[in-house]
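Undergrad:
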Amino acid sequence: MEAFRVLVTAGFRPSTPVEFHWYAAEEVGLRGSQAIATSYSNSGVQVKAMLQLDMTAYVRPGTTPVIAFMPDFTDSGLNTFLGQIVDTYTNRGWVINAPCGYACSDHASWNRLGYPAALPFEGLFSNINPNIHTATDTASVAGFSLAHSLEYAKLAAAYAYELAA
1 MEAFRVLVTA
11 GFRPSTPVEF
21 HWYAAEEVGL
31 RGSQAIATSY
41 SNSGVQVKAM
51 LQLDMTAYVR
61 PGTTPVIAFM
71 PDFTDSGLNT
81 FLGQIVDTYT
91 NRGWVINAPC
101 GYACSDHASW
111 NRLGYPAALP
121 FEGLFSNINP
131 NIHTATDTAS
141 VAGFSLAHSL
151 EYAKLAAAYA
161 YELAA
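In the UniProt record's numbering, the protein residues as written are 1 to 165.
Printed below as a string of structure tokens:
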């Protein structure tokens, strides 16, 4: 939402459409993103690329914060392009993560239908939030970082600008 706010506040006027989506039912089978991606595909809607931001605010204490791109169900060229955006517009380094091994977030719904998709993740899987998907997965957990999440907002705003300016 911060990327959206910044773009609107700055008066961004894209030359091609830019859409922000929020999906429901990701944890029970990507239902929201599948419905929208399938509708777009069936209607012939052209999409330059899809950026999925899911899990962006945790840095395991004692580790170096990075933006970690998911290699599966993504487009390698888009990951490389986004890495260049990370280098130019953020205060983070980037890496290619270990494969998730399954359709672990909404980017997969778009990728399966042939749309270029990417999932920059909050860190390496080896440094994942140990409280994920539990009642203790809150902003009070050690490692929660709004500063880290802000780097994803920078990435998203720059991505929209670079693709649609």
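All residues carry an ideal CB built from backbone N, CA and C; glycine is no exception. Treat the numbers as computed from the prediction; the structure is a model and nothing was measured.
Is residue 142 near the ligand MN, in the sense that its beta carbon is under 7 Å from a heavy atom of that ligand?
TA: This structure lacks the ligand MN; in fact it carries no ligand of any kind.
Undergrad: With distance defined between alpha-carbon atoms, name the residue in 110, 67, 52 nearest to residue 58.
TA: Taking only the C-alpha atoms, the option nearest residue 58 is 67.
Undergrad: For residue 71, which residues from the same chain have a beta carbon less than 7 Å from its beta carbon, with the 5 sequence-adjacent residues on both sides left out?
TA: The residues are 96, 97, 99.
Undergrad: For residue 142, does the three-state DSSP call read helix, strand or coil?
TA: Three-state result, residue 142: coil.
Undergrad: For residue 86, count the other beta carbons within 10 Å of its own beta carbon; 16 or more makes it buried, fewer makes it exposed. Which is it?
TA: The residue is buried, with at least 16 neighbouring Cβ atoms inside 10 Å.
Undergrad: Which ranges does the alpha helix (DSSP H) cover as unbroken runs of at least 4 residues, wholly within the stretch 72–156, from first to last along the chain?
TA: Within the stretch 72–156, the complete alpha helix (DSSP H) runs of at least 4 residues are 76–89, 107–112.
Undergrad: For residue 109, collect the residues of the same chain with a Cβ closer than 6 Å to its Cβ; drop the 5 residues on either side in sequence, then sort them by chain order.
TA: So the qualifying residues of the chain are 30, 33, 34, 37.
Undergrad: Buried or exposed: which applies to residue 102, given that a residue is buried once 16 or more other Cβ atoms fall within 10 Å of its Cβ?
TA: It is exposed - the Cβ of residue 102 has fewer than 16 other Cβ atoms within 10 Å.
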